[in-house]
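Trainee:
Number of protein chains: 2
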Amino acid sequence: MTTAATPNPTLGELLDAWPSMDAPERAATFAALDDEEATDLFLALSAADQGSFLSGLAVGARRLWARLLAPDDAVDVAQSLEADAAVLLDALDAPTRAQVQALLAYREDEAGGLMDPRYAVLRPEFTVDEAIAYLRRQYAAREDPTYYTYVLSADHRLVGVVTMRELIRAAGRAKVSEIMTREVLSVREDADQEEVARMMARYDFLALPVVDAEGRMKGVVTVDDAIDVMTEEATEDIQKLGGTEALDAPYLQVDFFDLLKKRAGWLTVLFVGEMLTATAMAYFEDAIAKAVVLALFIPLIISSGGNAGSQATTLIVRALGVGDVRMEDAMRVLRREVLSGLALGCVLASIGFLRIVLWPTRDSLYGPHYMLIGAAVSISVVGVVAWGTISGAMLPFLLRRLKLDPATASAPMVATLVDVTGLIIYFSVASAVLRGTIL
Amino acid sequence: MTTAATPNPTLGELLDAWPSMDAPERAATFAALDDEEATDLFLALSAADQGSFLSGLAVGARRLWARLLAPDDAVDVAQSLEADAAVLLDALDAPTRAQVQALLAYREDEAGGLMDPRYAVLRPEFTVDEAIAYLRRQYAAREDPTYYTYVLSADHRLVGVVTMRELIRAAGRAKVSEIMTREVLSVREDADQEEVARMMARYDFLALPVVDAEGRMKGVVTVDDAIDVMTEEATEDIQKLGGTEALDAPYLQVDFFDLLKKRAGWLTVLFVGEMLTATAMAYFEDAIAKAVVLALFIPLIISSGGNAGSQATTLIVRALGVGDVRMEDAMRVLRREVLSGLALGCVLASIGFLRIVLWPTRDSLYGPHYMLIGAAVSISVVGVVAWGTISGAMLPFLLRRLKLDPATASAPMVATLVDVTGLIIYFSVASAVLRGTIL
């Protein structure tokens, strides 16, 4: 109740506190607000929070709240309610319910699932004065902002776009067709939501019309939805890079067992992969028995490769994601990463070499051949870091070529891959360098 | 030249190909376009690309192109040119140059550095008819869209906001002060750009007014700039989580030695930290000499902790970043992560135990005490995974408490931290379980 009791929390403070509140605290918070504040809060909540709020209401109150939602937002709420979507649908008026049901037929992550089916429309043969009068009537019925006004032919094909500014500037008797922009960029209703968001960001659009295969207008995606998509997609990429499945909901709102399932999957795959290190190590058991000193550097060497690989894969996954690097750039990236990997390996190898050969107790710790051990370790570091860097950088390209998400190449996955090969590199180098002395 | 020679590349195709083109290819591309297409391309390029394009032009041509830029975009170009900012400033007309120089006094990552100093303004005492006529004249002079119209008092304080729609809907003789919204959310000129972007995303604003300490209006931040900030900040977080310094430029455009420097820094720190594993291992050298079989599982055990830690830190860094989790939630997160860590540890430990005790060659590989070895390994896995999960989840909170960026808790950093403690856990458990048998 603490939050509701605070004298005058701002909308921002309420939204900040929302994820940490339980159901009674949320109800008390709503009860403490006046109508306008409560409406603002409700509309600013996430679809999941709107859904759980509506579920807790009596039928009459639910109807009042549900009708504040624009159809595209109502679709998000219905999707978040999953099997309980009827809670929302039954609360809508009949025409909106029909619109929402039509939108629910689209996948959640395509343009059709994101669009608002209501938008301001003009006909090309209107005069500017007629257009303004017509828009006044259209506007009177709705609350949310209109960005552009679309000009449609009689068969509902998108033929142009005008801004409010162009209408205001134009002479009253000019035809809409004379002042409209004819080249309208649009997206197909089945376009991926990431593509839609990227297009809006690239061209600084406030809204993007959605058309079907015949070019008939179906709706608009607005910039606020594009921003949500971008945040959602960045979160998904970050989670995948960290070696989890995408959570699809805020951390504190994911059910504990769902969270566990999404984390255990990749950890198990990686653990099973990492078991190959035990298998690989078994081959080198005799070498370790002869020269236990070799075991001391195993964690250092494999983790250097893992860290270098995590770096490279993260850089390339993001660069591919935002379009800074394309599939055609694979060879350029390879050249850069071969050089980077060798250079980074040499930097770390020098530090490692000095650490071993200048260590005060080097004789008792590493024995008389400490110079050779230093050489074996540092040559291995060069090899392992270069290998980690190159494979970490190339794996995202390989995954995309296989039509998989490059972000599947998580930092832990690359680290695990590099661990196994790192051991093989280390023991091969060590046996070459130390043969005849301690091996 | 391949791209320029393609018959009719779309603007999108040109932008896709841009990062991979060299200077002559870019010049040829511009030459092949008509004026309107060239303008669209220029305005859609990144500030860095606009700067390098302008640098390559003769003074006369440069002037024509530079004047297409809005003041806030010109600021970005000037910043990208660094020491060569005069290339741009000299090409601007005097009033715009003065505006740009005023904006350059702000830091690049604060609201003032992001805002456009030009915006549509009304006075509260205007009638609606006067307002529309006034806006027509203001509009005639500028090209980019206006989102909201701000109402300023005589001393330039922000007193209200009206949308174009509200003006069009209102009666011609109503006063602006009667139809305007008086509660205007704004940001201070020194607000962090991340806060600005988050606020616009949260409230679905298309523009946000920027005011000084006295509430006087200084400019507007528009949603297209907020989108760029969000993409930039997500990229920075992802790069930091991957263990690199933020690149601050597209991967292929970062100078090779800069790239190396930004990667070598953290890798060196982590390498030096990881050397502690060699020190820790030295304490256990006798144990390894007695039971070489223990060495076989070192990579498996420490990497399990590293992977679990990477997962946890990534989840929490992102959740803190988007506001799904707040500092006050630290104890809730701790409780969740203790349980998650133990549960994940048990899942992996069971797999590890079965892998060891059911392996066909277990007797020759692990000796007669393979059950005890299985027990030592799996108890260690539980401890290491739980420790990795808990420390990975709590480190971002600690960093934020220390006023550092939580994303500094990179996946490689957590993995390195966990490696050292993981070894200590493993050898302590092993010596307790195996004492009297093989140790």
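Chains as they are written, first to last, in the working numbering: chain F, 1142 to 1580; chain S, 1142 to 1580.
A virtual CB, placed ideally from N, CA and C, is assigned to each residue, including glycine.
1) Over what stretch of residues does the alpha helix (DSSP H) that includes F/K1381 continue unbroken?
2) Put F/L1411 into one of helix, strand or coil per three-state DSSP.
3) By the 7 Å beta-carbon criterion, what residues does the region 1538 to 1566 of chain F contribute toward chain S?
4) Compare the C-beta of F/P1440 with all C-beta atoms of chain S and state if any pair is closer than 8 Å.
5) Answer with yes or no whether the minimum CB distance from F/A1436 to chain S is below 8 Å.
6) Residues of chain S with CB closer than 7 Å to the CB of F/A1185, please, in chain order.
7) Would a C-beta distance cut-off of 8 Å place F/G1197 and F/L1229 closer than the cut-off?
8) When burial is assigned at 16 or more other CB atoms within 10 Å of the CB, is F/M1512 buried or exposed?
9) I want to see whether chain S comes within less than 8 Å of F/P1509, judged by CB atoms only; does it?
10) When you compare the CB of F/R1496 with every CB in chain S, is at least one pair closer than 8 Å?
11) Of all the options F/I1379, F/D1176, F/I1442 and F/L1480, which has the alpha carbon lying nearest to the alpha carbon of F/G1462?
12) For the region 1531 to 1547 of chain F against the region 1391 to 1408 of chain F, are there 3 or more C-beta pairs whose distance is under 8 Å?
13) Between which two residues does the beta strand (DSSP E) harbouring F/Y1291 extend?
14) Using beta-carbon positions only, say whether F/T1180 and F/P1212 come within less than 8 Å of one another.
15) Count the other C-beta atoms from every protein chain shown that fall within 10 angstroms of the C-beta of F/V1200, then say buried if there are 16 or more, exposed otherwise.
16) From F/T1147 to S/A1354, what does the alpha carbon distance come to, in whole angstroms?
17) For S/K1544, name the three-state secondary structure that DSSP assigns.
18) CA-CA distance, F/L1489 and S/K1403?
19) Would you say F/R1473 faces chain S, with C-beta separation under 8 Å as the test?
20) Does S/A1164 get closer than 8 Å to chain F when you measure Cβ to Cβ?
21) Do we get a CB-CB distance below 8 Å when we pair S/L1263 with the residues of chain F?
22) Pick from S/A1185, S/D1546 and S/P1509: whose alpha carbon is nearest that of S/W1159?
23) I'd like to know whether the C-beta of S/P1160 is nearer than 8 Å to at least one C-beta of chain F.
24) Does DSSP put S/G1563 in a helix, in a strand, or in coil?
25) Measure how close the beta-carbons of S/L1580 and S/S1572 come, nearest whole angstrom, since I'm counting them as under 8 Å.
26) Using a Cβ-Cβ cut-off of less than 8 Å, give me the residues of the region 1399 to 1418 of chain S that come near chain F, in sequence order.
27) Rounded to whole angstroms, what's the CA-CA distance from F/V1302 to F/L1276? Just pull it up for me.
28) Using only the alpha-carbon positions, how far apart do S/A1215 and F/Q1334 sit?
29) Just confirm the distance between the C-beta atoms of S/G1563 and S/T1530, as a whole number of angstroms; I'd bet it's less than 8 Å.
30) Have a look at S/L1543, S/G1486 and S/T1455 and flag the residue whose alpha-carbon is nearest the alpha-carbon of S/V1554.
31) What number of angstroms, rounded off, separates the C-alpha of S/V1351 from the C-alpha of S/R1541?
32) With DSSP collapsed to three states, give me the class of S/L1174.
33) Which residues mark the beginning and the end of the beta strand (DSSP E) in which F/G1254 is found?
34) Closest Cβ-Cβ distance between F/V1317 and chain S: below 8 Å?
35) Any beta-carbon of chain F closer than 8 Å to the one on S/D1214?
36) Nearest by alpha-carbon distance to F/D1250: which of F/Y1260, F/E1271 and F/Q1220 is it?
Mentor: According to the data block:
1) V1364 to L1382
2) helix
3) A1552, P1553, A1556, T1557, D1560 and L1564
4) yes
5) yes
6) R1343 and Y1344
7) no
8) exposed
9) no
10) yes
11) F/I1379
12) no
13) T1290 to L1293
14) no
15) exposed
16) Here the model assigns F/T1147 a pLDDT of 44, short of 50, so the residue's position is not dependable and the matter cannot be decided.
17) coil
18) 14 Å
19) yes
20) no
21) no
22) S/A1185
23) yes
24) helix
25) 6 Å
26) L1400, L1401, R1404, A1405, W1407, L1408, T1409, L1411, F1412, V1413, E1415, M1416 and T1418
27) 14 Å
28) 31 Å
29) Not quite, the Cβ-Cβ distance comes to about 12 Å (not below 8 Å), so this is no contact.
30) The question names Val, yet the displayed sequence has Met at residue 1554 of chain S. Residue S/T1455 is the option with its Cα nearest to S/M1554.
31) 27 Å
32) coil
33) No beta strand (DSSP E) holds F/G1254; the alpha helix (DSSP H) holding it covers A1252 to L1255.
34) no
35) no
36) F/Q1220
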